[in-house]
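Numbered by this note's numbering, the letters in the sequence shown go through residues 229 to 1065 in order.
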Amino acid sequence: MASIRRMMFVVLTLWITAAWGQSNTREPHIGYLYPGGGQQGTVIQISAGGQYLNGASDVYISGRGVHGSVVKYIKPLRNIQREQRQLIQTKMKEVRNMRLDELPGSRSRSSKERSAKKVVDRPAPAEKEKDAKAEEVKMPDHPLLYDLEDKSLRELAHISSVLFFPRNKLQMNRQLAETVLIEITIDPDAQPGSRELRLATRTGLTNPMVFQVGLLPEVRELEPNNRQAYQVPPNMARIRNLPRERALELPVLLNGQIMPGDVDRFRFRATKGQQLVIEAHARSLVPYLADAVPGWFQATLALYDAGGKEVAFADDYRFNPDPVLFYRIPENGEYELEIRDSIYRGREDFVYRVAVSEQPFITQMFPLGGRAGVETVASIDGWNLAGTELPLDTRPGGNNIRQTAFRTGQQRALGGSLKAGGFGDGQRDGNYPQAALEADTHSGGQQISNPVTYAVDMLPECNETESNNTPEQAQPIELPKIINGRIAESGDVDTFRFNGRAGDKIVAEVYGRRLNSPLDSLLRLTDSSGKVLKWNDDHVLKDSHLHKDVMGLITHHADSYLLAELPKDGNYYVQLTDTQNHGGGAYGYRLRVAPAQGDFALRVTPSSVGMRAGGTVPIWVHALRKDGFDGEIKVILKDAPAGFELCGGRIPAGRDRVRVTLTMPSKAPARPVALQLEGRANIGGHTVKRLAVAADNVMQAFLYRHLVPAKDFLILVQKSRWGAPPVELAGNIPVRIPAGGSARVRLKAARRANFKGLQLQLNEPPEGLTIHDVTVVPNGLTFQLKAEKDIKHIADNLIVEAFREYAAKGKDGKPTGQKRRNSMGVFPAIPIEIVLR
C-alpha cells in the first residue's frame, strides 16, 4: 500500500511539472552557421555553432526547396591533448601520403620511401607497447576532422593551420563552443534569398538563423591565406610536382570565417572591361553581437592587382555596414580580394559570404513607392542593369513595406515581390529582413539584382516639383498627402505649404532610411511668419535601452517625425532637407503630411518557443504605437489549432509591452506550429486589427537591445509522458488589488494534483507587489497578493512561478544538509489592476 501511495505521489508531481512546464533557463541558442548559405541544386554540410545544442534532432528551414538533417552533435573541444595531437598528425600524414600517391609522377617515389621507412624503422617491442597505448586514444570531435580521409592536400593544410597554429589562444566562448553538423539539400528550383534555420533539441527550439540560397558557384576559404591567396604551407614546400592552385573563375561566391587578427585572400581571374560588383554579407548573416563593439562583424574589402597594388577599397555601403565594392577591370589578369575585420577582431561567428560577379546592382530608384492599386513604374540606375524601369507591385492588401528586384533576360525589367510576413491588409511598417523572392528567379540563366525596398500606402500621392526651396516658392498640397521627392543636390530644401485650422493635430513623417535611401532628413514645421513650431532630426522610440523601430536592424534612426497641434487658422509650411548637407539622385524620400491617425504594430518575442505538451510559457508582446494612439489593445490567438491558449491577452492603455502566457495542447503535434497573434483596438470609433510580427529581443554591444523581426512565430510542442491537469484562475478578472491592501487569488486544477509543498514566487513582478500566505485547498491553492501603499496605478499581468524544495545530495549519494529548489514552471498569466484608494 505504501508503494502505491509513493507511486501516486510521483505521478501527481509529474502532473504538476507537465501542467506548467519545466522551467528552462538553458534555452538552446545558435550563434552562427558556417557557411551561411549554399547554391541552388547542391548538397552541402554546414556547422551550427552555439550553446545547449546537445540532443539536436531535427532541422527546420522556412520556405520550400531547402531540407536539412542533423549529422552529429559535437561537444566543446577544450584542449587537444598531446596524445590526441599526435594521433591527428598521424592520421593526417596517412591521408597526405594517399594524396601524394595520386599526384602525377609521385606514386612510385612516395611508395618506395614509405616501404624503405618500414624496413629501416621496424618497431621494437617497447614501441609496440606505445602503439597499443596509442590505439586507446580517440580522435577528438571537431567539424574539420569529419570525413578526414576525403580531404585534399590544401584542406589538410587548412586543418593543420586552424588546429595547430592558432594565432591567438583565447578563452573559449561558451555561447559558440558547441557544434551541430547539418546536411543541407538545396533543390535546383529553390527560391533565392534568405531563409530561417532552427534546430529542435532536447530542451526546445533554437532561435532562427539566416541561411541564404544563392545562384553562384561557391567556394570555402582555406588557411593559410593571410599574406596571399594561396600560401604554400611549410610542410608542403619541398613536395615536387605540387600543382599550383588555380585562380578562381568568375562568377563565384566566397565563404569564410574571420578569426582574431585574421585576413583572408582569394585570387580570381578577370577580363578587361568587366564591371565587377563585389558584395559582402556579414552583418546580414549575424545582425547583432552582444559582446562586441560596435555590435557586428565590420567587414572591409580590398582589391589588389597582379602587382600587389591596392586598386579599390570599401568598408561599408552607405549606411549599411556590409561593404559593396564596384570596380571596372582595366586589364586582363589575376586579382586578389582581401576581407578582414576593420580592427582585426574575429571569432567563429565572424562569418561572411562575398559574391564576385557582374550581377545587376541598383544604386538608386525613384519613386520609393506608390499608392495602393495605382500602377507605378520606378526609374532605376546602377551597375550592370539591362533596363532603366522597374514595375512596383502596388496591389492592395499585404504589407506596407515591400521589396522587389531587377532581373536580367527580359525585354523589360520585372520586379518580383518579396515576402515580408507578419502584417495584415493595409498595415504599415512591414517586416522584410528574412525575405525570399516569390517570382521564378532560377530559370533561364537570369541574374537577380540586390533587393530594393519601397512603400505602398492608401493616401493620395503627388511628386515634388522644383523649385521649392523657400516659403515663397513652396509647393501647395492638400491634406492628407504623400509626397515623393528627393534632395537632388547639396543644400537643396524642399518646402510644402498647406492650410490648417486651430486645434488640428498634424503629422509629418519621412520614409527614407527605412527605404534604403542615404537621406539623413531634417523636418521643420513653420507658420506663415516663419516661426518654427516644431522640428525633428532623428526619431526613435525607446524603452530604456530597447530600440523599438519596426525594422529592427536600423541603428541610425535618420527618418524624421513630428506631431504638432496647430495654434490658429492659416497657412503652414513643412521644410525637408538633409542634415549632413548631402544630396543626389539616390536621396529619395516619401513624406507623409496628414492629420494624425492613431495606429499600432505588434511584436511578439521570442520567435521560437519550445515547451512540453500541456506546459505554459511566458512570452512578451510589444506595442509600437503611432500618431499618439495610447489606448488598450486586446491580443488574441488567430486561427490557432485546438489546444493552444493565450492568457493575459491585453496591453493596457498607456503600456507599450506586457508579458502573457501561452499554454500548449495536451497532445504534441508532429511538427512545429506557426501561430499568429492579432491585436485589436478601438481607434476613432473603428476596430483596428493588426497581426503581430514574430521577433527576437537581441542585444547589441553589451547595452542596446533591438526587436529583430523573424518570418514565423514557431512553437515546438514536445511530447510529455504524463497527462497535464489544466490550471485556471477562479473568480473575476482582472484581479483588483487596492493600494496598501491585498486580494485573495485562487487557482484550481481541472483534475486532482498534488500542490503540497509547492513554493510560489512572482516572476519579474511590478515594483511594490508581493505574494504571501500560500494555502493548499481541495483541487487547487490560494494565495494573497499585497500592494504597497505608495504603489502607482498600474494594469499588468502577474506571472507566478512554482518551485519544489528538496534535500541536496553529494557525489556519494548522501545528504549534504543543504536545501535546493527546482522550478516546476509557471501558471497561466493573472491579469491584475491596482486600485488607488
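Virtual Cβ for every residue (Gly too), placed ideally from N, Cα, C.
Buried or exposed (CB count within 10 angstroms, at least 16 for buried), residue i
i    : result
L565 : buried
Q701 : exposed
H784 : exposed
E793 : exposed
R254 : exposed
D720 : buried
F439 : buried
K346 : For K346, the predicted model reports a pLDDT of 44, less than 50, meaning its position is unreliable and no value from the coordinates is stated.
Span separating the alpha-carbon of residue i from that of residue j
i     : j     : result
V1063 : G574  : 54 Å
F1055 : T807  : 51 Å
V447  : L478  : 11 Å
N744  : G968  : 52 Å
K770  : K776  : 6 Å
P834  : Q267  : 30 Å
Q847  : P688  : It is Ile, not Gln, that sits at residue 847 in the sequence shown. Each residue's Cα considered, the two are about 39 Å apart.
R511  : R474  : 30 Å
L1007 : S948  : Correcting the residue type first, residue 1007 is Asn in the shown sequence and not Leu. If I take the Cα positions, the gap works out to 22 Å.
F828  : E906  : 12 Å
S389  : E507  : 27 Å
Q803  : D722  : 6 Å
D417  : S290  : 15 Å
V955  : L975  : 7 Å
Q655  : P679  : At Q655 the pLDDT is 45, less than 50, meaning the model places this residue with poor confidence and gives no usable figure here.
I933  : Q312  : One detail in the question is off: residue 933 reads as Arg in this sequence, not Ile. Rounded to the nearest angstrom, the two C-alpha atoms are 42 Å apart.
G293  : P1043 : 55 Å
G871  : R883  : 29 Å
Span of the beta strand (DSSP E), counted from its first residue to its last, around residue i
i     : result
Q267  : 265–267
T754  : 749–755
R853  : 844–854
D766  : D766 -> no beta strand (DSSP E), and no H or E assigned at all.
N982  : It is not in any beta strand (DSSP E) - N982 carries neither H nor E in the DSSP assignment.
W524  : Note, W524: premise wrong, no beta strand (DSSP E); not H, not E.
G275  : One point to set straight first is that residue 275 is Ser, not Gly, in the sequence displayed. Unbroken beta strand (DSSP E) run through S275: 271–279.
H1000 : 997–1005
A958  : 955–958
A498  : 491–498
Q904  : 901–911
Close-in-space but distant-in-sequence residues of the same chain around residue i (CB under 7 Å, 5 per side omitted)
i    : result
D569 : I486, F525, Q526, A527, F578
I274 : L261, Y262, P263, I410, I412
R729 : L794, D797
P549 : R511, W524, Q526
P436 : E424, L425, R426, S835, S836, A938
Start-to-end residues for the alpha helix (DSSP H) that takes in residue i
i    : result
M320 : 310–329
F392 : 381–392
Selection from the options that minimises the alpha carbon distance to residue i
i     : options                  : result
R483  : N697, V582, M779, I710   : In the sequence on display, residue 483 carries Asn and not Arg. Looking at the Cα atoms, V582 is the closest of the given residues.
G758  : E992, P704, T698         : T698
P937  : E1016, H850, G959, T1010 : H850
K733  : K500, L753, L747         : L753
V602  : G842, D685, I861, P880   : D685
A633  : G625, Q592, P624         : Q592
R430  : S285, A385, E956         : S285
L990  : K984, Q1012, A977        : Q1012
I864  : G856, A920, Y288         : A920
H767  : D755, L761, D748         : D748
F941  : H773, R831, K1020, K917  : R831
R493  : N910, D609, Q456, L903   : Q456
V298  : A736, G843, Q309, G277   : G277
M1066 : Y545, R878, E576, F983   : Coverage of the chain is limited to positions 229 through 1065, which leaves residue 1066 absent and any answer about it impossible.
Cβ-based neighbour list, residue i, same chain, cut-off 8 Å, excluding 5 preceding and 5 following
i    : result
G876 : V886, R887, V888, T889, N1025, P1056, A1057, I1058, P1059
R556 : G501, Q502, Q503, L504
F541 : T528, L529, A530, L531, L553
V271 : E411, I412, T413, I414
Close-in-space but distant-in-sequence residues of the same chain around residue i (CB under 6 Å, 5 per side omitted)
i     : result
R1049 : F1031, E1033
G838  : G432, L433, L944
E1061 : P962, R964, A1023
G610  : F589, I590, T591
Check: residue i C-beta below 7 Å from any heavy atom of the ligand MG
i    : result
T681 : For the ligand MG, the structure offers nothing, since it holds no ligand at all.
Test: residue i CB closer than 8 Å to a CB of chain D
i    : result
P679 : Looking for chain D here will not work: only one protein chain is present.
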